[in-house]
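J.:
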Amino acid sequence: MLQNKNIVLGVTGGIAAYKACDLVSRLKKLGANVNVVMTRAATEFVTPLTFQTLSQNPVAVEMFQQPGSWEIEHIALAKKADLLVVAPATADMIGKIAGGIADDLLSTTIMATGAPVLLAPAMNTHMYQNPIVQENISRLKSFNYRLIAPETGRLACGDVGEGKMASPETLLAAIVKLLIRQPDLAGKRILITAGPTREAIDPVRFISNHSSGKMGYALARAAAERDAVVTLISGPVGLPRPNNVDLLIPVESAAEMYRQVMAHYQDQDIVIMAAAVADYRPKAVSPEKIKKTNNGLTLELEKNTDILLELGQNKGNHILVGFAAETQNLLEYSREKLVHKNLDLIVANDLTEEGAGFGGDTNIIRIIHRSGQVDSLPKLTKTELGHIILDKVRSLLEPAAAL
Ligand code: PMT
1 MLQNKNIVLG VTGGIAAYKA CDLVSRLKKL GANVNVVMTR AATEFVTPLT
51 FQTLSQNPVA VEMFQQPGSW EIEHIALAKK ADLLVVAPAT ADMIGKIAGG
101 IADDLLSTTI MATGAPVLLA PAMNTHMYQN PIVQENISRL KSFNYRLIAP
151 ETGRLACGDV GEGKMASPET LLAAIVKLLI RQPDLAGKRI LITAGPTREA
201 IDPVRFISNH SSGKMGYALA RAAAERDAVV TLISGPVGLP RPNNVDLLIP
251 VESAAEMYRQ VMAHYQDQDI VIMAAAVADY RPKAVSPEKI KKTNNGLTLE
301 LEKNTDILLE LGQNKGNHIL VGFAAETQNL LEYSREKLVH KNLDLIVAND
351 LTEEGAGFGG DTNIIRIIHR SGQVDSLPKL TKTELGHIIL DKVRSLLEPA
401 AAL
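When we follow our numbering, the leftmost residue of the sequence shown carries the number 1, and every step to the right adds one.
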């Protein structure tokens, strides 16, 4: 996803420097080339060797160190960068940039670059709220520096308030957005389903599953960021409405999801079924709460319509993407679903793998293509994977777009 992207990461002297290590490792996983520049103060918190090992590149600290080549270091890095990120960005560094001061390798590199600069402030709450710091931040914004607001929480100094550096996940999402979020799905209509369905037994009980909706919502956010026209049909989840989604249709049961998907299908270019749709529902729904007896309770279940199967039977020009959640024979069962449901792609997740499947913020997926190609991805956040899945969808659209 970030292959051929050069990211210069500036690390300044704050305790949040340790989070920058995680950020480097995530950037590397996505294929970026990362060059770390540290201030002298930053080396008091994390050693250059840590960043060198994680980035697999030499770490630059000194302005006047013996050059490895005849390139002038700050100019070379400034020119090479597709994006310059400063994480953590201390009040001192923010002040320096805002004041036009370039007195060390990092501040000179920032001054010399034509690449976008993204700053992740991290400091004590009172420092962050200091009007001078706030004025510097406003000044930087007016010069088109991007800032990721710090989070509120317990700070290393013991204070509670604003000032915690944004999480590596948030930073990564912003970096990916800056580097590759082209509006490459502009004008495309995409329908995404998310979450579980609930199949009523009586007015108080239902059959459902563990889907949280996070995967589907991540896809919806990603599609909206790429300017698609997004319809999200969601089973019951506890997630906020994703930004910029055009239409959010809440549903409860598989039958309702079926009706809503069918009502919107013809208008769509792309459908991604990330929802965990119940395969069965109780044959009869009791109008009253079923009273407990001394005996067991037998429920007769009947099959729900397979929504995706029906979409595949009426595929037309739609791009259809399914998910497969399996506990065994992942590739074999997923491939069978891809063929049986006439899909373009199927995203297979193995529910037995740690960090994959239901509930968490991460997933481990294999994307299986009609051609048989399998893209195996490492454990990544659902946000990152949402974009990777859309990259694959985009590559399916391209041949048609080229005609
Ligand atoms: O929501 P999260 O907590 O983030 O978890 C994500 C997830 C694990 C739910 C998601 O990544 C996932 O795998 N969703 C599909 C789960 C599932 O129902 O798989 P399946 O193998 O039973 O179904 C295969 C495909 O057919 C799915 O795209 C499903 O949406 C679709 N289907 C299934 C049954 C049905 N009656 N109609 C359908 O359209």
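Think of the CB as a built atom: it goes at the ideal place given N, C-alpha and C, for glycine as much as any other residue.
On a predicted model such as this, the values are computed, not experimentally measured, just so you know.
How big is the Cα-Cα spacing for residue 392 and residue 374?
T.: Walking along the sequence shown from the start, residue 392 turns up at place 392. Walking along the sequence shown from the start, residue 374 turns up at place 374. If I take the Cα positions, the gap works out to 11 Å.
J.: Any idea what DSSP makes of residue 483, helix, strand or coil?
T.: Lying before the first or after the last residue shown, residue 483 is absent from the chain, which here runs from 1 to 403.
J.: Can you grab the Cα-Cα spacing for the pair residue 206 / residue 325, in whole Å?
T.: Taking the sequence shown and counting its residues from 1, one reaches residue 206 at position 206. Taking the sequence shown and counting its residues from 1, one reaches residue 325 at position 325. Roughly 21 Å separates the two Cα atoms.
J.: Going straight from the alpha carbon of residue 48 to that of residue 33, what length do you get?
T.: Here the question's residue 48 lines up with position 48 in the sequence shown. Here the question's residue 33 lines up with position 33 in the sequence shown. The straight-line gap from Cα to Cα measures roughly 17 Å.
J.: Spatial neighbours of residue 383 within its chain, please: CB distance less than 6 Å, with the 5 preceding and 5 following residues excluded, ordered by chain position.
T.: On the sequence shown, residue 383 is found 383 positions in, with the first residue counted as 1. 173 and 218, listed in sequence order.
J.: Any heavy atom of the ligand PMT within a distance shorter than 7 Å of the CB on residue 215?
T.: Stepping through the sequence shown from its first residue, residue 215 is reached at position 215. Result yes, Cβ under 7 Å from the ligand PMT.
J.: How about residue 283: is its Cβ closer than 7 Å to a heavy atom in the ligand PMT?
T.: The residue labelled residue 283 in the question sits at position 283 within the sequence shown. Residue 283: no, Cβ never under 7 Å from the ligand PMT.
J.: Distance check for residue 162 and residue 53, CA to CA, integer angstroms please.
T.: What you label residue 53 is simply residue 53 of the sequence shown in a count that begins at 1. What you label residue 162 is simply residue 162 of the sequence shown in a count that begins at 1. Roughly 32 Å separates the two Cα atoms.
J.: Buried or exposed: which applies to residue 51, given that a residue is buried once 16 or more other Cβ atoms fall within 10 Å of its Cβ?
T.: In the sequence shown, residue 51 corresponds to position 51, counting from 1. It is buried - the Cβ of residue 51 has at least 16 other Cβ atoms within 10 Å.
J.: Which residue comes first and which comes last in the alpha helix (DSSP H) that contains residue 22?
T.: Start at 1 with the first residue of the sequence shown, and residue 22 comes out as number 22. Residue 22 -> alpha helix (DSSP H) spans 17-29.
J.: Please classify residue 244 as buried or exposed, where buried requires at least 16 neighbouring CB atoms within 10 angstroms.
T.: Counting from one through the sequence shown, the residue named residue 244 turns up at place 244. The residue in question, residue 244, is exposed, as its Cβ has fewer than 16 Cβ neighbours within 10 Å.
J.: Could you tell me the alpha carbon to alpha carbon distance between residue 186 and residue 226, rounded to whole angstroms?
T.: Along the sequence shown, one-based indexing puts residue 186 at 186. Along the sequence shown, one-based indexing puts residue 226 at 226. So the two alpha carbons sit approximately 7 Å from each other.
J.: Where do the N-terminal and C-terminal ends of the alpha helix (DSSP H) with residue 337 fall, by residue?
T.: Taking the first residue of the sequence shown as position 1, residue 337 is located at position 337. 330-340 is the extent of the alpha helix (DSSP H) around residue 337.
J.: Hey, how far is the Cα of residue 401 from the Cα of residue 394?
T.: Along the sequence shown, read from residue 1 onward, the residue named residue 401 stands at position 401. Along the sequence shown, read from residue 1 onward, the residue named residue 394 stands at position 394. Confidence at residue 401 is low in this model, with a pLDDT of 42, below 50, so the placement of that residue should be treated as unreliable; the coordinate-derived value is given next. Taking the straight line joining both Cα atoms gives about 10 Å.
J.: Can you tell me which of the three DSSP states residue 294 falls into?
T.: To locate residue 294, count along the sequence shown from 1; it is residue 294. Correct three-state label for residue 294: coil.
J.: Would you say residue 351 and residue 327 are within 8 Å of each other, going by their C-beta atoms?
T.: Mapped onto the sequence shown, residue 351 falls at position 351. Mapped onto the sequence shown, residue 327 falls at position 327. A contact, by the Cβ cut-off of 8 Å.
J.: What do you reckon, are the CB atoms on residue 20 and residue 88 nearer than 8 Å?
T.: Taking the first residue of the sequence shown as position 1, residue 20 is located at position 20. Taking the first residue of the sequence shown as position 1, residue 88 is located at position 88. Yes, they are a contact pair.
J.: With a CB to CB cut of under 6 Å and the five nearest residues on each side skipped, what residues in its chain are close to residue 31?
T.: Residue 31 sits at position 31 when you count from the first residue of the sequence shown. Cβ within range, chain order: 2 and 3.
J.: Return the bridge partner residues of residue 250 from the DSSP annotation.
T.: The count along the sequence shown starts at 1 and reaches residue 250 at position 250. For residue 250, which the question treats as bridged, DSSP gives the partners 234.
J.: Whose C-beta lies closer than 7 Å to the C-beta of residue 70 among residues of the same chain, with five residues either side of it excluded?
T.: The sequence position of residue 70 within the sequence shown is 70, counting from 1. With a pLDDT of 47 at residue 70, under the threshold of 50, the predicted position of this residue should be treated as unreliable, though the coordinate-derived value follows. Nothing listed; no residue qualifies.
J.: For a test of your reading of the model: does the CB of residue 253 fall under 7 Å from any non-hydrogen atom of the ligand PMT? Yes or no.
T.: For the purposes of this step, residue 253 is identified with residue 253 of the sequence shown, where counting begins at 1. No.
J.: Measuring straight from C-alpha to C-alpha, what distance separates residue 97 and residue 83?
T.: Counting from one through the sequence shown, the residue named residue 97 turns up at place 97. Counting from one through the sequence shown, the residue named residue 83 turns up at place 83. Going by the C-alpha atoms only, they are around 16 Å apart.
J.: Apart from the five residues on each side of it in sequence, which residues of its chain come closer than 6 Å, Cβ to Cβ, to residue 290?
T.: On the sequence shown, position 290 is the one that residue 290 refers to. The answer, listed in chain order, is 202.
J.: In or out: residue 281 buried (at least 16 other Cβ within 10 Å) or exposed?
T.: Position 281 of the sequence shown holds residue 281. It is buried - the Cβ of residue 281 has at least 16 other Cβ atoms within 10 Å.
J.: Terminal residues of the continuous alpha helix (DSSP H) containing residue 88?
T.: For the purposes of this step, residue 88 is taken as residue 88 along the sequence shown, with counting starting at 1. Here residue 88 belongs to no alpha helix (DSSP H); instead the beta strand (DSSP E) covers 83-89.
J.: Hey, residue 197 and residue 252: beta-carbon distance below 8 Å or not?
T.: Residue numbering aside, residue 197 sits at position 197 when the sequence shown is read from its first letter. Residue numbering aside, residue 252 sits at position 252 when the sequence shown is read from its first letter. Yes, the Cβ-Cβ distance between residue 197 and residue 252 is below 8 Å.
J.: State whether the stretch 365-374 contacts the stretch 12-19, with contact taken as three or more CB pairs (one from each stretch) at a distance under 8 Å.
T.: Verdict: no, contact absent.
J.: Beta carbon of residue 212: closer than 7 Å to some heavy atom of the ligand PMT?
T.: One-based indexing of the sequence shown puts residue 212 at position 212. Correct: residue 212 has its Cβ closer than 7 Å to the ligand PMT.
J.: Spell out the partners DSSP gives residue 10 in its beta bridges.
T.: Along the sequence shown, one-based indexing puts residue 10 at 10. Note: residue 10 sits in a beta bridge opposite 37 and 86.
J.: So is the beta-carbon of residue 314 under 7 Å away from any non-hydrogen atom of the ligand PMT?
T.: Counted from its first residue, the sequence shown places residue 314 at position 314. No - the ligand PMT has no heavy atom lying nearer than 7 Å to the Cβ of residue 314.
J.: Please work out which residues of its chain come closer than 6 Å, Cβ to Cβ, to residue 169, disregarding the five sequence neighbours upstream and downstream, and give them in chain order.
T.: As a position in the sequence shown, residue 169 is number 169, starting the count at 1. Excluding sequence neighbours, residue 169 sits near 381.
J.: Does residue 199 pass the burial test, meaning 16 or more other C-beta atoms within 10 Å, or should it be called exposed?
T.: By one-based count along the sequence shown, residue 199 stands at place 199. Per the 10 Å Cβ criterion, buried.
J.: Can you tell me where the alpha helix (DSSP H) with residue 178 in it begins and where it stops?
T.: What you label residue 178 is simply residue 178 of the sequence shown in a count that begins at 1. Unbroken alpha helix (DSSP H) run through residue 178: 168-180.
J.: Tell me whether residue 219, by its Cβ, gets closer than 7 Å to a heavy atom of the ligand PMT.
T.: The residue given as residue 219 occupies position 219 in the sequence shown. For the ligand PMT, not one heavy atom lies less than 7 Å from the Cβ of residue 219.
J.: Does the beta-carbon distance from residue 14 to residue 123 come in below 8 Å?
T.: The sequence position of residue 14 within the sequence shown is 14, counting from 1. The sequence position of residue 123 within the sequence shown is 123, counting from 1. Result yes, Cβ atoms of residue 14 and residue 123 sit closer than 8 Å.
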